[in-house]
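S.K.: Starting off with a structure, shown below.
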Amino acid sequence: MNKSNKNILFYSILYLVLIAGVLLLSYDPYKNSSYAYLDGKTTTEETEKKFAKPESVRGLYLTASSANNDEYRKNIIAAMKDSRINSVVIDIKDYSGYILYDSQVPEVQKIKAAKVVMKDLKKIIADFHQANIYTIARQTVFQDPVLAPARPDTAMKTLAGNIWYDNKGLAWVDPKNKDVWSYNLAIAQEAVDIGFDEINFDYMRYPSDGNMANMRYGLPENKSKADVMKDFYKFLSDNLSDQTYISIDTFGLVMDHADDDYDLNIGQRLTDAADYFDYVCPMMYPSHYPLTYLGYTNSAEHPGPVVAHGLKISEPYLEGKRAKIRPWLQAFNLRAIYTSTMIDAQIDAVENATTTEGWLLWNARNYYPDYIF
Numbered sequence: 518m519n520k521s522n523k524n525i526l527f528y529s530i531l532y533l534v535l536i537a538g539v540l541l542l543s544y545d546p547y548k549n550s551s552y553a554y555l556d557g558k559t560t561t562e563e564t565e566k567k568f569a570k571p572e573s574v575r576g577l578y579l580t581a582s583s584a585n586n587d588e589y590r591k592n593i594i595a596a597m598k599d600s601r602i603n604s605v606v607i608d609i610k611d612y613s614g615y616i617l618y619d620s621q622v623p624e625v626q627k628i629k630a631a632k633v634v635m636k637d638l639k640k641i642i643a644d645f646h647q648a649n650i651y652t653i654a655r656q657t658v659f660q661d662p663v664l665a666p667a668r669p670d671t672a673m674k675t676l677a678g679n680i681w682y683d684n685k686g687l688a689w690v691d692p693k694n695k696d697v698w699s700y701n702l703a704i705a706q707e708a709v710d711i712g713f714d715e716i717n718f719d720y721m722r723y724p725s726d727g728n729m730a731n732m733r734y735g736l737p738e739n740k741s742k743a744d745v746m747k748d749f750y751k752f753l754s755d756n757l758s759d760q761t762y763i764s765i766d767t768f769g770l771v772m773d774h775a776d777d778d779y780d781l782n783i784g785q786r787l788t789d790a791a792d793y794f795d796y797v798c799p800m801m802y803p804s805h806y807p808l809t810y811l812g813y814t815n816s817a818e819h820p821g822p823v824v825a826h827g828l829k830i831s832e833p834y835l836e837g838k839r840a841k842i843r844p845w846l847q848a849f850n851l852r853a854i855y856t857s858t859m860i861d862a863q864i865d866a867v868e869n870a871t872t873t874e875g876w877l878l879w880n881a882r883n884y885y886p887d888y889i890f
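The opening position of the sequence shown corresponds to residue 518 in my numbering, with each subsequent residue numbered one higher.
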């Protein structure tokens, strides 16, 4: 391995460690979303079925607790009025593995996987819709500390056959297990039925930290981790694309590897995802790139060029693909203080790219100062 390849491998591994840690802390109307406008008139039943997707989704991440808080929700809706923000991404299933509303999915009820944080999810969605705000359900998938112990047959295993845990003590389910596929599909379909306009899938990957040498992958013959993921992408697309928009979160470095088959050792490849989702949402947080990425002494202090670089080098490999790129951008302090100028630099990079359509801002604490809007 030459020096250049060694550097790429080192930076990729460093990136995986960084992003695993922080994650804990044209007009296209009426595509089976939530509300519909019918001859200028609406009924309660009709308006719960369809909602027009904005030409460009510009959104904020909200936890289930934030969305459920009446005062916070009222304030965030007021702040979004006449602002550049037009969408929200709300957790329905987070890193904990719990479904955060009163799910009626039989398997969810059987394993007691519901933790009802959002008491009246339909009302929460309706409040946003009444303010013309597009709603996206964020659903984590393969990191699932609830399903794995409840159904050990679905869990990632150690070489000895026990449930495998990552460095945070969290269990994962096996990405090739068809019961896991069906379980997550049922949750997504329920979210669509409740009224969400889009499903955003996160943790769509194999684990990136922990004792990887003690993990039993059990991959099918002639199948790679990326192949397993691609099969799951197709399954979701086949079963959801006629009902709603679907998007996938990926590591930001998938953009740097768009020209090769390297899957970051987690099964994620940009060109695979772009075939089966409406939007690919790479987490392009500058603080998560190697410290000296692009030759900087601290890449987090150069948000515009960092985001622009990945978008630019991936452009040729997205031609003819289904997906548009809608990056997650950094709205939190890590390795640098993220001022309005820092956030706007990322947004400008996205809006000047040719393969993008919108952007999303991540702050795990849901702290969004006035300059965000």
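All residues carry an ideal CB built from backbone N, CA and C; glycine is no exception.
Assuming threonine 873 contacts valine 867 (C-beta within less than 8 Å), just tell me the rounded distance between them.
M.R.: Against the sequence shown, residue 873 aligns to sequence position 356. Against the sequence shown, residue 867 aligns to sequence position 350. The Cβ separation is near 5 Å, so the contact holds.
S.K.: Ordered along the chain, which non-local residues of its own chain (more than five positions away) have a Cβ less than 7 Å from that of threonine 657?
M.R.: Here residue 657 refers to the residue found at position 140 of the sequence shown. Hits under 7 Å: Lys610, Asp611, Tyr612, Asp719 and Tyr720.
S.K.: When you compare each of Val606, Asp795 and Ile716 to lysine 891 by their alpha carbons, which one comes out closest?
M.R.: Any answer about residue 891 is impossible in this case: the structure gives the chain only from 518 up to 890.
S.K.: Any idea what DSSP makes of tryptophan 698, helix, strand or coil?
M.R.: On the sequence shown, residue 698 is found 181 positions in, with the first residue counted as 1. Of the three classes helix, strand and coil, the one that applies to tryptophan 698 here is helix, per DSSP.
S.K.: Quick check: valine 622 and glutamate 707, are their CB atoms within less than 8 Å of each other?
M.R.: Indexing the sequence shown from 1 puts residue 622 at position 105. Indexing the sequence shown from 1 puts residue 707 at position 190. The answer is yes: Cβ separation under 8 Å.
S.K.: Just reading off the alpha helix (DSSP H) that aspartate 644 is part of, what are its end residues?
M.R.: Within the sequence shown, residue 644 is the residue found at index 127, counting from 1. Segment 638-647, the alpha helix (DSSP H) holding aspartate 644.
S.K.: Alpha carbon to alpha carbon, how far is arginine 722 from lysine 490? Give it in angstroms, no decimals.
M.R.: Given a span of 518 to 890 for the chain in the structure shown, any question on residue 490 remains unanswerable.
S.K.: Between the C-alpha atoms of isoleucine 594 and threonine 856, what's the straight-line distance to the nearest angstrom?
M.R.: Residue numbering aside, residue 594 sits at position 77 when the sequence shown is read from its first letter. Residue numbering aside, residue 856 sits at position 339 when the sequence shown is read from its first letter. Their backbone Cα atoms lie some 22 Å apart in a straight line.
S.K.: Is it buried or exposed for aspartate 517, if we count other Cβ within 10 angstroms and need 16 for buried?
M.R.: This structure gives no information on residue 517, because the portion of the chain shown stretches from 518 to 890.
S.K.: Is alanine 665 helix, strand or coil by DSSP?
M.R.: Residue mapping note: residue 665 aligns to position 148 of the sequence shown, counting from 1. It is helical.
S.K.: Taking the continuous beta strand (DSSP E) assigned at glycine 576, which residues delimit it?
M.R.: If you number the sequence shown from 1, residue 576 lands on position 59. Looking at the DSSP string, the run of the beta strand (DSSP E) that includes glycine 576 is 575-579.
S.K.: With distances taken from CA atoms, which of Leu617, Ala672 and Ile889 is nearest leucine 846?
M.R.: Along the sequence shown, one-based indexing puts residue 846 at 329. Checked all of Leu617, Ala672 and Ile889; the closest Cα to leucine 846 is Ile889.
S.K.: Does DSSP put methionine 859 in a helix, in a strand, or in coil?
M.R.: Locating residue 859 in the sequence shown gives position 342, counting from the first residue. DSSP places methionine 859 within a helical segment (H, G or I) once states are collapsed to three.
S.K.: Just how far apart, CA to CA, sit asparagine 586 and aspartate 766?
M.R.: As a first step, residue 586 is located in the sequence shown; it is residue number 69 there, counting from the start. As a first step, residue 766 is located in the sequence shown; it is residue number 249 there, counting from the start. Each residue's Cα considered, the two are about 26 Å apart.
S.K.: Is the Cβ-Cβ distance between tyrosine 682 and alanine 775 less than 8 Å?
M.R.: Numbered from 1 along the sequence shown, position 165 holds the residue referred to as residue 682. Numbered from 1 along the sequence shown, position 258 holds the residue referred to as residue 775. In this structure, tyrosine 682 sits away from alanine 775, with a CB-CB distance that is not shorter than 8 Å.
S.K.: Could you tell me the alpha carbon to alpha carbon distance between lysine 930 and lysine 629, rounded to whole angstroms?
M.R.: What is shown of the chain runs 518 to 890, which leaves residue 930 out entirely.
S.K.: Counting C-beta neighbours from all protein chains within 10 Å, is the total for aspartate 608 16 or more, i.e. buried, or is it exposed?
M.R.: The residue given as residue 608 occupies position 91 in the sequence shown. Flag for aspartate 608 reads buried.
S.K.: In angstroms, rounded to a whole number, what distance separates the CA positions of glycine 576 and glycine 678?
M.R.: Here residue 576 refers to the residue found at position 59 of the sequence shown. Here residue 678 refers to the residue found at position 161 of the sequence shown. Whole-angstrom Cα-Cα distance: 42 Å.
S.K.: Work out the CA separation of tyrosine 734 and aspartate 726 for me, nearest whole Å.
M.R.: Here residue 726 is taken as the residue at index 209 of the sequence shown, counted from 1. Here residue 734 is taken as the residue at index 217 of the sequence shown, counted from 1. Rounded to whole angstroms, aspartate 726 to tyrosine 734 spans 14 Å at the Cα level.
S.K.: So the candidates are Pro886, Gly812 and Ile860; which of them puts its Cα closest to the Cα of tryptophan 876?
M.R.: Here residue 876 is taken as the residue at index 359 of the sequence shown, counted from 1. Measuring from the Cα of tryptophan 876, the nearest candidate turns out to be Ile860.
S.K.: Excluding the 5 residues flanking tyrosine 578 on each side, which residues of the same chain have their C-beta closer than 6 Å to its C-beta?
M.R.: As a first step, residue 578 is located in the sequence shown; it is residue number 61 there, counting from the start. Within the same chain, tyrosine 578 has close Cβ partners Val606 and Trp879.
S.K.: Could you give the residue range of the alpha helix (DSSP H) that holds asparagine 756?
M.R.: Mapped onto the sequence shown, residue 756 falls at position 239. Per DSSP, asparagine 756 belongs to the alpha helix (DSSP H) from 742-757.
S.K.: Does the Cβ of leucine 676 have 16 or more other Cβ atoms within 10 Å, making it buried, or fewer, making it exposed?
M.R.: The count along the sequence shown starts at 1 and reaches residue 676 at position 159. Counting Cβ neighbours within 10 Å, leucine 676 comes out exposed, since fewer than 16 surround it.
S.K.: With a threshold of 8 Å on Cβ separation, who are the neighbours of alanine 665 within its own chain once the five nearest residues in sequence on each side are excluded?
M.R.: By 1-based counting over the sequence shown, the position of residue 665 is 148. For alanine 665, where only same-chain residues beyond five positions count, the Cβ hits under 8 Å are Gly614, Thr671, Ala672, Met673, Ile680, Ala688, Trp689 and Val690.
S.K.: Give me, in chain order, the residues of the same chain whose beta-carbon lies closer than 6 Å to that of alanine 862; leave out the 5 immediate sequence neighbours on both sides.
M.R.: Position 345 of the sequence shown, counted from the start, is the residue given in the question as residue 862. Closer than 6 Å at the Cβ level, and outside the excluded window around alanine 862, lie Pro820 and Gly821.
S.K.: One question on the structure: do alanine 648 and lysine 598 come within less than 8 Å of each other, judged by their Cβ atoms?
M.R.: The residue given as residue 648 occupies position 131 in the sequence shown. The residue given as residue 598 occupies position 81 in the sequence shown. In contact: alanine 648 and lysine 598 (Cβ atoms closer than 8 Å).
S.K.: Is the distance from the Cβ of leucine 781 to the Cβ of phenylalanine 768 below 8 Å?
M.R.: As a position in the sequence shown, residue 781 is number 264, starting the count at 1. As a position in the sequence shown, residue 768 is number 251, starting the count at 1. For leucine 781 and phenylalanine 768, yes; Cβs fall inside 8 Å.
S.K.: In whole angstroms, what is the alpha-carbon distance linking asparagine 694 and leucine 757?
M.R.: Against the sequence shown, residue 694 aligns to sequence position 177. Against the sequence shown, residue 757 aligns to sequence position 240. Rounded to whole angstroms, asparagine 694 to leucine 757 spans 19 Å at the Cα level.
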